[in-house]
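**Student:** Below: one structure in structure tokens.
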Amino acid sequence: MARKSDSHVNYLLRDPNAKTSTPINCVVRFENQRINIGTGFKVVPAHWNESKQRVKNVLDATDKDKINTYLDNTQKSIDSIIIDLRSTRSLTKETVKAQIDSYLNPIVEVAPIEPTEPALFTFIADFIESAPNRVNIETGKHLERRTIQKYQTVLKVLREFAITYRRKIDFDTIDLDFYDAFTSHLTSTKGFATNNVGKYLQTLKVFLNDASARGINVKQDYRSRKFKVVKEDADNVYLSELELERLQELDLSKIERLERVRDLFLVGCYTGLRFSDLTNLRPEYIKDGLIRIEQQKTADKVVIPCHEIVKVMLKKYNGALPRSISNQKMNDYLKEVCQLAGINSIESKAQTKGGKRITKAFEKWQMVSTHTARRSFATNMYLLGIPALTIMQITGHRTEKAFMQYIKLDREQHAKVMALHWQKQLQGTPFTIAS
1 MARKSDSHVN YLLRDPNAKT STPINCVVRF ENQRINIGTG FKVVPAHWNE SKQRVKNVLD
61 ATDKDKINTY LDNTQKSIDS IIIDLRSTRS LTKETVKAQI DSYLNPIVEV APIEPTEPAL
121 FTFIADFIES APNRVNIETG KHLERRTIQK YQTVLKVLRE FAITYRRKID FDTIDLDFYD
181 AFTSHLTSTK GFATNNVGKY LQTLKVFLND ASARGINVKQ DYRSRKFKVV KEDADNVYLS
241 ELELERLQEL DLSKIERLER VRDLFLVGCY TGLRFSDLTN LRPEYIKDGL IRIEQQKTAD
301 KVVIPCHEIV KVMLKKYNGA LPRSISNQKM NDYLKEVCQL AGINSIESKA QTKGGKRITK
361 AFEKWQMVST HTARRSFATN MYLLGIPALT IMQITGHRTE KAFMQYIKLD REQHAKVMAL
421 HWQKQLQGTP FTIAS
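Rendered as structure tokens:
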């Protein structure tokens, strides 16, 4: 059967002519290699959409949503595994099989639980152990590996802190005194930056909320406004329209790896898509000058008009986009591209680390990453005078407060945006003063 996308994964029925349920097999192809994997699911062939390789949306199809969600997630994960292995030049049949097996049968390493360990730590360890099978109720997707790793790290630090803390740490002692002591430990002893401390506190609240929802008697201080998740604005950069023009005009025809990265980054700068969505953008998502895609992180559906630069890139790559590489490699190559383009203005980056405010100076190209594309899109569109609520429909931000914290403008730029709105208002309606 002809494949419908550039995915390395196809789903085939073991017996397409069967009258009863038949297993759904997963076939992985790459570099003239083939790997067959069982999905563990069955479907009646009459309920199978052969072209889409998914269960049809019919009432008689048992567990269709569960099966299709599993097939979607597995396909994306296997594609990512192959992309990452290819970028590190370790793409072989053996390495792919090992990575896929690791994904399908994850081994969660949790430190042994001592018999005297507090109930809170036992609960968190059980929470982590069941995490690979847990589904996000908002997106219908399994928790990402990085999220589970974050849970493990927080438990490890809590156990370290428990050794020196004057009281036993448990559900009934997570109070404001604990908050002050734990925050001080993360800040002073561990030397964490403010936003990193906030992530630890937020994750702890995830554990406590789940315990409370399950009827465990949790001390409610953690819901207090004083038990706050600390946070400070990060000094991130965006690229102006002029800087994006310099990137576009840069001749990289002799350095293919940088040319592909530059082109993919520019598409991000004019669509506002996250890197995870950008790498999953397929030709079938683009029709009549519009991009229609479901965001991987939030499962929100967005519709994005194709900017002229996006159209140029699609034409350049025959209706598709440049082949993606790992996020880490993309970030490394992006810095090379921006340095070659002369994006070297001096930028300062300040953050509170270990309780001290530290400011460092960087050349701008050193601060560019894949996420700079999304931030550049939001900021440049806002500077053009496009209403924030309209841009939010593209970026998927759910609150204007979150969006306004996301864009990067100084006071003078905000004043220019307001002046632009006034100018448009005057052009549309005669300005008079009532007598």
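Quick note on full-length UniProt numbering: the sequence shown kicks off at 1 and runs consecutively.
Heads up, the beta-carbon is just placed ideally off N, CA and C, and yes, glycines get one too.
1) Measuring straight from C-alpha to C-alpha, what distance separates A299 and P118?
2) Using the three-state DSSP reduction, which class does L334 fall into: helix, strand or coil?
3) Compare the C-alpha of F189 against each of V310, F171, T164 and K199 and name the closest.
4) Within the region 137 to 184, note down every full alpha helix (DSSP H) run reaching 4 residues or more, in order along the chain.
5) What is the residue span of the beta strand (DSSP E) that N195 lies within?
6) Just to confirm, is the Cβ distance from I407 to T379 under 7 Å?
7) Look up Y11 in the DSSP assignment and give the residues it is bridged to.
8) Can you tell me where the beta strand (DSSP E) holding G40 begins and where it ends?
9) Run through the DSSP bridge pairs and tell me what A361 is partnered with.
10) Can you name the residues that DSSP bridges to V135?
11) Going by the CB atoms, is the gap between K219 and D177 shorter than 7 Å?
12) With a CB to CB cut of under 6 Å and the five nearest residues on each side skipped, what residues in its chain are close to Q33?
13) Rounding to the nearest angstrom, what Cα-Cα distance links Q366 and K335 in this structure?
14) Quick test of the definition: if touching needs 3 or more C-beta pairs under 8 Å, does the region 308 to 324 touch the region 413 to 423?
15) To the nearest angstrom, report how far apart K52 and L71 are at their CA atoms.
16) CA-CA distance, L204 and D15?
17) Is it right to say K364 is buried, meaning 16 or more other beta carbons lie within 10 angstroms of its own, or is it exposed?
18) Extract the residue ranges of the beta strand (DSSP E) inside the region 59 to 100, only unbroken runs of 3 or more that lie entirely within it.
19) If you run the structure through DSSP and keep just helix, strand and coil, what is K219?
20) Short check: CB of I394 to CB of G272, under 7 Å?
21) So what's V417 in DSSP terms, helix, strand or just coil?
22) With a cut-off of 8 Å on the beta carbons, I'd call N10 and V27 a contact; round off their distance for me.
23) Tell me which same chain residues have a C-beta within less than 6 Å of the C-beta of A361, skipping the five on either side of it?
24) Does DSSP put E284 in a helix, in a strand, or in coil?
25) Does the Cβ of D60 have 16 or more other Cβ atoms within 10 Å, making it buried, or fewer, making it exposed?
26) Exposed or buried, what is S324 when buried is set at 16 or more other beta-carbons lying within 10 Å of its beta-carbon?
27) In angstroms with no decimal places, state the Cα-to-Cα distance between Q202 and V229.
28) Taking the alpha-carbon of A18 as reference, which of L12, I37 and V44 has the nearest alpha-carbon?
29) Expressed to the nearest angstrom, what Euclidean distance is found between the alpha-carbon atoms of R292 and R274?
30) What span of residues does the beta strand (DSSP E) with V267 cover, start to end?
31) Output the distance between the C-alpha atoms of Y285 and H307, rounded to the nearest integer angstrom.
32) Which value, in whole angstroms, describes the spacing of the CA atoms of F127 and K297?
33) Alpha carbon to alpha carbon, what distance is there between F182 and D263?
34) Confirm the yes/no value for this check: CB of F265, any heavy atom of the ligand NAD, distance under 6 Å.
**Tutor:** Based on what the coordinates show:
1) Residue mapping note: residue 299 aligns to position 299 of the sequence shown, counting from 1. Residue mapping note: residue 118 aligns to position 118 of the sequence shown, counting from 1. Between A299 and P118, the C-alpha separation is close to 37 Å.
2) For the purposes of this step, residue 334 is identified with residue 334 of the sequence shown, where counting begins at 1. If DSSP states are grouped into helix, strand and coil, L334 belongs with the helices.
3) The residue you call residue 189 lines up with position 189 of the sequence shown. Per the sequence shown, residue 189 should be read as Thr rather than Phe. Checking every option, the nearest Cα to that of T189 belongs to T164.
4) 145 to 164 and 176 to 184
5) Within the sequence shown, residue 195 is the residue found at index 195, counting from 1. From DSSP, N195 is part of no beta strand (DSSP E) but of the alpha helix (DSSP H) over T194 to A213.
6) Position 407 of the sequence shown, counted from the start, is the residue given in the question as residue 407. Position 379 of the sequence shown, counted from the start, is the residue given in the question as residue 379. In contact: I407 and T379 (Cβ atoms closer than 7 Å).
7) Residue 11 sits at position 11 when you count from the first residue of the sequence shown. Answer by DSSP bridge pairing, in chain order: C26.
8) Within the sequence shown, residue 40 is the residue found at index 40, counting from 1. From DSSP, the beta strand (DSSP E) with G40 extends over Q33 to V43.
9) Numbered from its first residue, the sequence shown carries residue 361 at position 361. S348.
10) As a working note, residue 135 is residue 135 in the sequence shown. In DSSP, V135 forms a bridge with H142.
11) Counting from 1 along the sequence shown, the entry for residue 177 is found at position 177. Counting from 1 along the sequence shown, the entry for residue 219 is found at position 219. Cβ atoms of D177 and K219: not closer than 7 Å.
12) As a first step, residue 33 must be located in the sequence shown, where it is residue number 33. Counting only Cβ-Cβ distances below 6 Å, and skipping sequence neighbours, we find K93.
13) In the sequence shown, the residue the question calls residue 366 occupies position 366. In the sequence shown, the residue the question calls residue 335 occupies position 335. Going by the C-alpha atoms only, they are around 6 Å apart.
14) no
15) In the sequence shown, residue 52 corresponds to position 52, counting from 1. In the sequence shown, residue 71 corresponds to position 71, counting from 1. So the two alpha carbons sit approximately 11 Å from each other.
16) Here residue 204 corresponds to residue number 204 of the sequence shown, with the count starting at 1. Here residue 15 corresponds to residue number 15 of the sequence shown, with the count starting at 1. Answer to the nearest angstrom: the Cα atoms are 48 Å apart.
17) The residue you call residue 364 lines up with position 364 of the sequence shown. Per the 10 Å Cβ criterion, buried.
18) none
19) For the purposes of this step, residue 219 is identified with residue 219 of the sequence shown, where counting begins at 1. Correct three-state label for K219: coil.
20) Locating residue 394 in the sequence shown gives position 394, counting from the first residue. Locating residue 272 in the sequence shown gives position 272, counting from the first residue. Yes, the pair counts as a contact, with Cβ atoms nearer than the cut-off.
21) For the purposes of this step, residue 417 is identified with residue 417 of the sequence shown, where counting begins at 1. Helix.
22) Stepping through the sequence shown from its first residue, residue 10 is reached at position 10. Stepping through the sequence shown from its first residue, residue 27 is reached at position 27. With 8 Å as the limit, N10 and V27 qualify as a contact, their Cβ atoms being about 5 Å apart.
23) Taking the sequence shown and counting its residues from 1, the one referred to as residue 361 is at position 361. Hits under 6 Å: I346 and S348.
24) For the purposes of this step, residue 284 is taken as residue 284 along the sequence shown, with counting starting at 1. Three-state DSSP puts E284 in a helix.
25) The residue you call residue 60 lines up with position 60 of the sequence shown. The residue is exposed, with fewer than 16 neighbouring Cβ atoms inside 10 Å.
26) Locating residue 324 in the sequence shown gives position 324, where the first residue counts as 1. Burial call: buried.
27) Numbered from 1 along the sequence shown, position 202 holds the residue referred to as residue 202. Numbered from 1 along the sequence shown, position 229 holds the residue referred to as residue 229. Rounded to the nearest angstrom, the two C-alpha atoms are 6 Å apart.
28) Walking along the sequence shown from the start, residue 18 turns up at place 18. It is V44 whose Cα lies nearest to the Cα of A18.
29) Start at 1 with the first residue of the sequence shown, and residue 292 comes out as number 292. Start at 1 with the first residue of the sequence shown, and residue 274 comes out as number 274. Taking the straight line joining both Cα atoms gives about 14 Å.
30) Within the sequence shown, residue 267 is the residue found at index 267, counting from 1. Looking at the DSSP string, V267 is not in any beta strand (DSSP E); the run it does join, the alpha helix (DSSP H), is E256 to C269.
31) Along the sequence shown, one-based indexing puts residue 285 at 285. Along the sequence shown, one-based indexing puts residue 307 at 307. Answer to the nearest angstrom: the Cα atoms are 15 Å apart.
32) Here residue 127 corresponds to residue number 127 of the sequence shown, with the count starting at 1. Here residue 297 corresponds to residue number 297 of the sequence shown, with the count starting at 1. Roughly 22 Å between the two C-alpha positions.
33) Start at 1 with the first residue of the sequence shown, and residue 263 comes out as number 263. Start at 1 with the first residue of the sequence shown, and residue 182 comes out as number 182. Using only the alpha carbons, I get a separation of about 45 Å.
34) As presented, the structure is devoid of all ligands, the ligand NAD included, so that no description of it is given.
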